[in-house]
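Heads up: the structure comes next, in structure tokens.
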Amino acid sequence: MSGRLNKQGNWLEEQTFFMRERSYYDQKFFNETGWISFWTSQDASYFGVWYNPKKRVVLTFCEGDESVVSCPSDIAFAREMAAIREFYSHC
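Each residue of the sequence shown is one higher than the one before, counting from 1268 in our numbering.
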């Protein structure tokens, strides 16, 4: 897994999972408390966004690529979520 800072200054790790679909995450997060699906007009079997405010983590899955953003503070998490809302409001 590779990591770097994203535009908001939060830690981003990315990796690829071939043959994985959105249902994997829906089932995984259904059993874990705190995870919420962030609904977008782009949602499909190959795409989804989930977030966990308690852990301050955002996970995006797109066509086999998984991106996990970890935020060091509640303020950083709020900025990350604002950026996500802004981005997906234009899709």
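Backbone N, C-alpha and C define an ideal beta-carbon position, used for all residues, glycine too. The model shown is predicted, which means the values in this text are computed figures rather than measured ones.
Cβ shell of residue i (< 7 Å), same chain only, five flanking positions each side left out
i: T1307; result: V1316, Y1355 and C1358
i: F1284; result: G1331 and E1333
6 Å Cβ shell around residue i - same chain, five flanking residues per side excluded
i: E1288; result: S1312
i: N1366; result: Coverage of the chain is limited to positions 1268 through 1358, which leaves residue 1366 absent and any answer about it impossible.
Distance between residue j and residue i (C-alpha atoms, nearest Å)
i: E1280; j: R1352; result: 20 Å
i: W1278; j: C1338; result: 7 Å
i: E1347; j: K1295; result: 23 Å
CA nearest to the CA of residue i, picked from the options
i: L1272; options: T1327, M1348 and V1336; result: V1336
i: K1321; options: A1350, R1346 and S1340; result: S1340
i: S1290; options: G1270, Q1309, S1269 and F1328; result: F1328
i: F1305; options: G1270, V1325 and A1345; result: V1325
i: P1286; options: F1314, A1349, R1346 and M1348; result: The sequence shown places Met at residue 1286, rather than the Pro named in the question. Answer by Cα proximity: F1314.
i: D1310; options: M1348, E1347, D1293 and A1350; result: D1293
Contact set for residue i: own chain, Cβ-Cβ below 8 Å, skip 5 residues either direction
i: A1343; result: Q1275, G1276, N1277 and R1323
i: S1269; result: E1280, E1281 and Q1282
i: A1350; result: K1274 and Q1275
For this session: Within the stretch 1282 to 1340, note down every full alpha helix (DSSP H) run reaching 4 residues or more, in order along the chain.
Result: 1289 to 1297
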